[in-house]
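Notes follow once the structure below has been shown.
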Amino acid sequence: MSRIGVAFDKARADGRAVLVGCMPAGFPTVDGSIAAMTAMVEAGVDVIEVEIPYSDPVMDGPVIQKASDIALAGGVRTADTLRIIEAVAATGAPVVTMTYWNPIEQYGVDAFARDLAAAGGTGLITPDLIPEEAGEWLAASEAYGLDRTFLVSPSSTDARLRMTVEHCRGFVYATAIMGVTGARSQTSDAAPVLVSRVREATELPVGVGLGVGTGAQAATVAGYADGVIVGSALIRRLLDAPDLDAGLAALRTLSAELAEGVRNPAR
Amino acid sequence: MSAGETAERFPDSAGHFGRFGGRFVPEALVAALDELDAAYRKAMTDEEFRAEFDALLRDYAGTPSLLYPAERFSAKVGARVLLKREDLNHTGAHKVRNVLGQALLTRRMGKRRVIAETGAGQHGVATATAAALFDLECVVYMGEVDTERQALNVARMRMLGATVIPVTTGSRTLKDAMNEAMRDWVANVDDTHYLIGTAAGPHPFPELVRDFVRGIGDEARRQCLDLTGALPDAVLACVGGGSNALGIFHAFVPDTDVRLYGFEAGGEGVDTDRHAASITGGTPGVLHGARTYVLQNADGQTIESHSISAGLDYPGVGPEHAWLHDSGRARYQPVTDAEAMAAFELLCRTEGIIPAIESAHALAGAVQIAPQLAAELGREPVLVVNLSGRGDKDVHTAGEYFGILDKEQ
């Protein structure tokens, strides 16, 4: 079983959900992002999702766009992302990588899989790669023992949902709302329905993302999902802070609040 | 297997043109793309849809557009140049054909809202026009830089009842407008159709847009035979995303004696970092839902494009062009800003026609290839050039370029 699978199993045994926290690589700097992700782990985030910054992130809202722009303007390269993954994996927390497809294609799919595995990454979340276009990645992930997380959406038909989860390994990412990333005041009614549809199709754990920003929302989502995925709300703590230290402090506070939330699932 | 036979079989059912095309999109959009694909395939075999589309093109858009022998321009170029006058269509460009087709599809799918991206504003104006005609809500995303370059078209869209949203992210041009339109679509896909403006994006858009604009080439082929008794030696068009070029190329693809030339925006030169020539200056990658040629760095980050023409200022290209390039059926060459503006001026002065700066790239292409083609053929070549749009929207840009605004104001 993959390291992500172990984390989900352990949380399930404890009667809670896994907390996945997302941060773009190289934001606000390479070292700053390592510090941020380490702080998140120390404050109770179970799994770190490292997003490779991309110039045209069509699934992301304004917060992640801005953080990605800052990282790219700072000159972060794909090779830096691998270094960041290695550093964060050294904390012991599983590190999954979220990436738009073009950076991987340009690095070379097989080469990236090899280097990701060597850095201690568990696998990829691919927001703009559907299984039909993923031939090379399916082969490379098999070759290097990496997890594959494709997204399912409320608009996915039953047939597509079954096909998609059959190609997943590690966990399934359910997009709770029809829309881009970003914290919202309410999570959607569609999410529990989607999660139960995924459960009918697979034994794999299901993480729910898009829209979660508070401990209370995390508790709500933990009530029906195996994993709670938080990105924009955490990133905003760094964006809004006057300096990195203040940002890290705010990041720890929110991480702890969310960690508390996933330990008190609303039933 | 001839290029013609190959073309009939592309794209495959998943939208692949060889290694290009496909669908690189969020899962949330797949259901909508499937719905669109089904509606489109049903419509294309439905007599009623064809009749309705043909009637709109004829009675509303004003097609078939003329094929005009531009004699004074020809004399300067050294070739017999036949201009396909898409600039005379309603809204002033070939794009009206695509929007009328997609607006009809939108109505068939029961959707009430259309969104669009626009660069020069021509597609935005065309979409706003069709939305007014079909009583659809219309939102147009336009890069902030382009709203400044093309203020007249912004006003046009608003007059037609559209909401224009200036996009302030990234390079604030066409690619960022496409990103924002995609984000809107992901959030509103239930009631919204993304009326994409060029033969790019995820399957089925490249194929669907090509089929809605292919009338340009069907007409031009017939008109050229009527006028000259023969097919042309070459067909020329500018290429940004590439819909006007595919529109005029498609009918000629099986005619392997007819050379097809696409002219990309060479900006300040493809050897500089300020151009928009994705095929001649880019590499294969994934952008906006398809694999195609992209201006990008070694990490796959999109590089900002540059062109004096807002409509060509895009770092990607439709996947069918990528495939036509790789297969050798069409040739792609860059035209610099300076070459395009010289051809712009030449057409103004010889024919009394102000072309869109986009189309001026195709005119400059005629200037580029005429001597070599004449030498090759041993006679004056016959060139069909797609005059894809008119230049009213570019008067300010051209006026500044030629330094004539102060003198005449």
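Residue numbers (UniProt numbering), protein chains in the order written: chain F, 1 to 267; chain Y, 1 to 409. Virtual Cβ for every residue (Gly too), placed ideally from N, Cα, C. Fair warning: this is a prediction, and the values are worked out from it, not measured in the lab.
query: Quick one: is the Cβ of Y/M341 within less than 7 Å of any heavy atom of the ligand HEM?; result: The ligand content of the structure shown is nil, which means the ligand HEM is not present either.
query: Using a Cβ-Cβ distance cut-off of 8 Å, determine whether Y/D299 contacts chain F.; result: yes
query: Any C-beta of chain F sitting closer than 8 Å to the C-beta of Y/R50?; result: no
query: Whose Cβ in chain Y lies nearer than 7 Å to the Cβ of F/P103?; result: D299, G300
query: So, at 7 Å on beta carbons, what are the nonlocal neighbours of Y/F49 in its own chain, with the 5 sequence-adjacent residues on each side left out?; result: A43, L104
query: Look at Y/G262 and Y/A330 and say whether their C-beta atoms are less than 8 Å apart.; result: yes
query: Classify Y/P202: buried if its beta carbon has 16 or more other beta carbons within 10 angstroms, exposed otherwise.; result: buried
query: Pick out whichever of Y/G316, Y/E264, Y/Q301 has its Cα sitting closest to the Cα of Y/A362.; result: Y/E264
query: Ordered along the chain, which non-local residues of its own chain (more than five positions away) have a Cβ less than 6 Å from that of Y/A322?; result: F20, T292, Y293
query: Could you name the residues of chain Y that F/F150 contacts, counting a contact when the two beta carbons are closer than 9 Å?; result: E27
query: If I measure Cβ to Cβ from F/M59 and keep anything under 6 Å in the same chain, skipping five residues before and after, which residues do I get?; result: P127, V180
query: To the nearest whole angstrom, what separates the beta carbons of Y/V382 and Y/D233, a pair I think is in contact under 8 Å?; result: 5 Å
query: Would you kindly report the start and end of the unbroken beta strand (DSSP E) that includes Y/T163?; result: 163 to 167
query: Is the CB of Y/A177 under 8 Å away from at least one CB in chain B?; result: The structure shown contains no chain B; the protein chains it does contain are F and Y.
query: Can F/A67 and F/R252 be called in contact, C-beta distance under 8 Å?; result: no
query: Taking Cβ-Cβ distances shorter than 7 Å, what residues in chain F pair up with Y/R183?; result: V58, V180
query: Considering only their Cβ atoms, is the gap separating F/A266 from F/G223 smaller than 8 Å?; result: yes
query: Could you spell out where the beta strand (DSSP E) holding Y/T336 opens and where it closes?; result: 330 to 336
query: My parser needs the alpha helix (DSSP H) runs of 4 or more residues fully inside the stretch 235 to 297 of chain Y; what are they?; result: 243 to 249, 278 to 281
query: Can you give the Cα-Cα distance for Y/L225 and F/G61, rounded to whole angstroms?; result: 53 Å
query: Near F/R263, what residues of its chain come up, given a Cβ to Cβ distance below 7 Å and the 5 sequence neighbours on each side ignored?; result: R16
query: For F/I235, does the three-state DSSP call read helix, strand or coil?; result: helix
query: Using the beta-carbon of each residue, which ones in chain Y are nearer than 7 Å to F/D128?; result: F24, V25, P26
query: Confirm, please, whether the CB-CB distance from F/A43 to F/A256 is below 8 Å.; result: yes
query: Note down, in chain order, all residues in the stretch 280 to 296 of chain Y with a beta-carbon under 9 Å from any beta-carbon belonging to chain F.; result: T283, P284, G285, V286, L287, H288, G289, R291, V294, Q296
query: Kindly list the residues whose CB is nearer than 6 Å to the CB of F/P24, restricted to its own chain and excluding five residues on each side of it in sequence; keep chain order.; result: E51, P53, A67, S68, A71
query: Assuming contact is defined by CB atoms lying nearer than 8 Å, are Y/E320 and Y/P204 in contact in what I supplied?; result: no
query: Quick test of your reading: Y/S307 and Y/G267, contact by CB under 8 Å. State the CB separation rounded to the nearest angstrom.; result: 5 Å
query: Output the residue ranges of the beta strand (DSSP E) runs that lie fully inside the stretch 45 to 70 of chain Y and measure 3 residues or longer, sorted by chain position.; result: 67 to 69
query: Let me know the beta strand (DSSP E) ranges lying completely inside the stretch 57 to 122 of chain F, each 3 residues or longer, listed in chain order.; result: 95 to 98
query: Just curious, the beta strand (DSSP E) that F/D147 is in, first and last residue?; result: 147 to 149
query: Can you find a CB in chain F that lies within less than 8 Å of the CB of Y/E400?; result: no
query: Identify the continuous alpha helix (DSSP H) that holds Y/E148 and give its terminal residues.; result: 144 to 149
query: Thinking C-beta only, is F/T164 closer than 8 Å to Y/E27?; result: yes
query: In the DSSP assignment, find the unbroken alpha helix (DSSP H) run with Y/G215 in it and report its ends.; result: 215 to 228
query: So if I threshold CB-CB distances at 8 Å, which residues from the stretch 71 to 91 of chain F count as touching chain Y?; result: L72, R77, T78
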